[in-house]
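The structure under discussion appears below in the form of structure tokens.
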Amino acid sequence: MSQKVYVGMSGGVDSSVTAALLKQQGFDVTGVYMKNWSEDFPGFICPWQEDYLDAKRVAVELGITFKLFDFEKQYRHKVVNYMVSEYQAGRTPNPDVMCNQEVKFKLFLDTSIEDGAELIATGHYARINDGQLLTGLDPSKDQSYFLYRVTAEALRKSLMPIGEYHKSQVRVIAKKLKLYTADKKDSQGICFVGKVGIKEFLLNELGPQTAGPILDQEGKEIGQHDGAIFYTIGQRHGLQVGGGLPYYVTHKNIKNNSVSVTTNLDDPELWHKEISLRDIHWINVSPQKNKSYLARLRYRGPLVPCSINKNKLILNDEQRGLAAGQSAVIYDGEICLGGGIMS
RNA sequence: UGGGGCGUGGCCAAGUGGUAAGGCACCAGUUUUUGGUACUGGCAUUCGGGGGUUCGAAUCCCUCCGCCCCAG
Numbered sequence: 010m011s012q013k014v015y016v017g018m019s020g021g022v023d024s025s026v027t028a029a030l031l032k033q034q035g036f037d038v039t040g041v042y043m044k045n046w047s048e049d050f051p052g053f054i055c056p057w058q059e060d061y062l063d064a065k066r067v068a069v070e071l072g073i074t075f076k077l078f079d080f081e082k083q084y085r086h087k088v089v090n091y092m093v094s095e096y097q098a099g100r101t102p103n104p105d106v107m108c109n110q111e112v113k114f115k116l117f118l119d120t121s122i123e124d125g126a127e128l129i130a131t132g133h134y135a136r137i138n139d140g141q142l143l144t145g146l147d148p149s150k151d152q153s154y155f156l157y158r159v160t161a162e163a164l165r166k167s168l169m170p171i172g173e174y175h176k177s178q179v180r181v182i183a184k185k186l187k188l189y190t191a192d193k194k195d196s197q198g199i200c201f202v203g204k205v206g207i208k209e210f211l212l213n214e215l216g217p218q219t220a221g222p223i224l225d226q227e228g229k230e231i232g233q234h235d236g237a238i239f240y241t242i243g244q245r246h247g248l249q250v251g252g253g254l255p256y257y258v259t260h261k262n263i264k265n266n267s268v269s270v271t272t273n274l275d276d277p278e279l280w281h282k283e284i285s286l287r288d289i290h291w292i293n294v295s296p297q298k299n300k301s302y303l304a305r306l307r308y309r310g311p312l313v314p315c316s317i318n319k320n321k322l323i324l325n326d327e328q329r330g331l332a333a334g335q336s337a338v339i340y341d342g343e344i345c346l347g348g349g350i351m352s
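The letter at position 101 of the first sequence is residue 110 when you use my numbering, and the numbering goes up by one with no holes.
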């Protein structure tokens with residue numbers, strides 16, 4: 010009797026190939042489209058119907074059962090509300106990390122098991138080994154960064170076959186199998202929402218914000234912004250202030266509704282070496298105190314040598330443009346240990 | 001009012017007779033399952049207004065307007 014696995018199919022190539030590979034490997038595969046967002050708003054048409062149809066098409070091509078799980082309510086509650094309130098607090102959240110933690114590897118997992126599945130699978134570029142999360146084999150696509158908050162128990166019930174491949178190989182497989190999504194462009198933007206600017210999204214959720222001052226390094230007002238929550242640390246564009254050198258956001262003051270900028274890339278305010286982490290989550294074991302690890306501070310960012318001391322992350326070399334609310338993910342070689350949220 | 005300086009695209013800024021550098025911002029695209037970064041391309045028929053000299057001016061002359069500084 011083959012194992013029953015539910016594959017989250019988003020309508021993209023990666024999850025299409027995931028389903029195909031698992032079927033090849035002899036699993037009893039069911040494709041599931043998670044409907045997490047469907048709202049349109051000015052300047053944005055939600056692509057969910059197209060994605061749903063693409064996913065379904067591939068399921069038909071593969072001859073597997075196909076289902077739709079409607080998680081819109083929970084997605085809004087767990088992901089969108091979290092994201093919006095973080096922005097309101099002046100931080101820069103990572104909704105996709107939350108989406109994996111709460112939706113894909115909790116809600117989707119539980120719902121699938123309840124529905125009769127033994128395992129779930131996703132099209133992430135990461136590998137799982139005995140409850141451990143490993144980086145994807147394709148170093149330029151590794152998505153373990155987004156998965157560091159998933160529990161070991163959830164990982165034990167999950168498969169990520171794509172993690173063994175490079176992106177180019179995935180495309181080749183999709184083409185060979187003539188999957189409908191073989192040439193579909195990779196999706197980007199907030200997971201499940203689509204290609205929306207975060208500003209447009211917040212504008213739609215919260216409405217226009219009150220304008221405030223943009224302060225330079227001396228504290229002199231050099232312009233006005235249209236809402237401090239829209240800007241993040243290290244950001245350069247969107248402030249509409251010019252004159253010589255580019256301006257980078259160094260910090261925000263939500264209370265005064267001010268955004269501070271600098272033209273000096275070496276400005277100490279832009280660089281951090283010691284970072285305190287909160288909401289720390291270690292997948293299996295906590296890192297050792299005097300051991301050297303690698304940290305990734307942003308998706309596709311470089312792995313930088315570091316050490317961990319309780320909730321303190323100490324980087325060997327300082328890094329630029331780190332924003333509160335973003336995640337620091339810790340690696341021991343190819344093993345993703347977990348991480349925390351920078352504060 | 002007298003003396004000096006300045007006024008080049010949204011901003012900073014080259015260019016002092018030969019037919020508008022460059023940077024920032026902005027826009028578009030590339031990269032990217034978060035924000036952001038980075039990369040590529042686009043972006044003044046025109047140099048505060050008007051007149052004149054000249055084959056030819058942002059560059060010289062006259063005049064008007066505006067701003068700044070020093071005088072007083």
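For glycine and all other residues, C-beta sits at the position ideal for the given N, C-alpha and C.
In this structure, DSSP gives Y96 a helical state, which the three-state scheme calls helix.
Counting the other Cβ atoms within 10 Å of the Cβ of K32 gives 16 or more, which makes it buried.
Within the segment 201-241, the complete beta strand (DSSP E) segments of 3 residues or longer fall at 221-224, 230-234, listed in chain order. Residue ranges of uninterrupted alpha helix (DSSP H) with 4 or more members, entirely inside the segment 57-104 and ordered along the chain, are 57-71, 81-84, 90-97.
The alpha-carbon of A135 is positioned some 26 Å away from that of E81. Counting only residues of its own chain and dropping the five nearest sequence neighbours on each side, D341 has a CB closer than 6 Å to the CB of Y302. In the structure shown, the three-state DSSP call for C108 is helix.
Residue burial is scored here from C-beta neighbours: T74 has fewer than 16 other C-beta atoms within 10 angstroms and is therefore classed as exposed. For G347, the closest of K115, R287, A333 by C-alpha to C-alpha distance is R287. According to DSSP, residue pairing for T144 in a beta bridge involves A135. Close CB contacts of Y15 within its chain, under the 6 Å cut and outside five residues either way in sequence, are with T39, V41, S121, A126, I129 (chain order). Taking one beta carbon from each stretch, the segment 284-299 and the segment 318-330 have 3 or more pairs nearer than 8 Å; the two touch.
With a 10 Å radius around the Cβ and a threshold of 16 neighbouring Cβ atoms, D192 comes out exposed. Cβ atoms of G236 and V258 stay farther apart than 8 Å, at about 13 Å. Between the segment 205-218 and the segment 84-93 there are three or more C-beta pairs closer than 8 Å, enough to call the two in contact.
Bounds of the alpha helix (DSSP H) holding E123 are 118-123. Checking the DSSP bridge columns, you'll see A333 partnered with Q335. Under the three-state reduction of DSSP output, A130 falls in the strand class. F50 counts as exposed, since fewer than 16 other beta carbons sit within 10 angstroms of its beta carbon.
According to DSSP, F53 shares a beta bridge with F50.
Pairing Y61 with K194, the inter-Cα distance amounts to about 15 Å. In this structure the segment 94-106 lies against the segment 328-345, because at least three pairs of beta carbons, one per stretch, are closer than 8 Å. For E283, there is no enclosing alpha helix (DSSP H); the enclosing beta strand (DSSP E) has its first and last residue at 280-291. Within the DSSP bridge table, the entry for L312 names R305 as partners. Measuring C-alpha to C-alpha distances from H133 to each of Y256, D275, S19 identifies S19 as the nearest.
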